[in-house]
Amino acid sequence: KDKYELNLIYDDFFKRVNDLKECLNVEELKKEIAILEDKSNASDFWDDNKEASKILRKIGQDKNNLNNLNHLQSLVNDYKDLLNMDEDDEVSLMIESIYNEVNNLLEKMEEKQNYGSCYYETITRSRSSFRTSYSPLEP
């Protein structure tokens, strides 16, 4: 694909990552993690094993979402940096590799978040404007 098409893919990735950030409400998620971690440090935390397990599971899920989102953001930034380099075979392979990783992780996270009404509305708007359905290295 040419630089224009690769930049369109970047724009789509950037938008999709920001849609996920919006729907996950990252700042509130960070606050919730801090509150739950404080609860988990309380001396009576394990008095109710079921509740303690739920809290620890929730902390893990929330941290996993944040880590995945941060990783996605980093990959999208790397993708953009590669687009600004002179393209050769090595750069093309790196672009394809990052494209595949971003696309797979985005699809997993989008599928996971698809049940939330915010995400459904956001992704519907996003997908109606552009969809990445091809590999950047197709002829």
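Just remember that the numbering used here sits 101 ahead of the position in the sequence shown, which is counted from 1. Cβ atoms here follow ideal geometry from the backbone N, Cα and C, with glycine treated the same way.
Under DSSP, the alpha helix (DSSP H) around N185 begins and ends at which residues? DSSP places N185 outside any alpha helix (DSSP H), giving it a letter other than H or E.
In the DSSP assignment, find the unbroken alpha helix (DSSP H) run with D113 in it and report its ends. Per DSSP, D113 belongs to the alpha helix (DSSP H) from 104-125.
Tell me the rounded alpha-carbon separation between L183 and K132. Taking the straight line from one Cα to the other gives about 34 Å.
Backbone secondary structure at D163 - three-state DSSP: In the structure shown, D163 sits in a helix (DSSP, three-state: H, G or I).
Buried or exposed, going by whether 16 or more other CB atoms sit within 10 Å of the CB of Y105? With fewer than 16 Cβ atoms within 10 Å of its Cβ, Y105 is classed as exposed.
Could one say the Cβ of K122 lies closer than 9 Å to chain C's Cβ atoms, at least one of them? As a matter of chain content, chain C is missing from the structure shown, which is built from one protein chain.
Option nearest K175 by Cα separation, candidates L207, E138, D139, K140: Before going on, a small fix: residue 175 reads as Ser here, not Lys. Considering only L207, E138, D139, K140, the residue with the shortest C-alpha distance to S175 is L207.
Would you decide whether M186 is buried or exposed? Buried here means 16 or more other CB atoms lie within 10 Å of its CB. By the neighbour-count definition (other C-beta atoms within 10 Å, threshold 16), M186 is an exposed residue.
L125 beta carbon less than 9 Å from that of L173: Between L173 and L125, the gap from beta carbon to beta carbon reaches 9 Å or more.
In this structure, does DSSP put A153 in helix, strand or coil? Reduced to three states, the DSSP call for A153 is helix.
Using a Cβ-Cβ cut-off of 7 Å (strictly less than) and excluding sequence neighbours within five positions of D189, which residues of its own chain qualify? Taken in chain order, the list of residues that qualify is empty.
What three-state label does DSSP hand S198 in the structure shown? S198: helix per DSSP, three-state reduction.
Quick check on DSSP: helix, strand or coil for S144? Coil, per DSSP.
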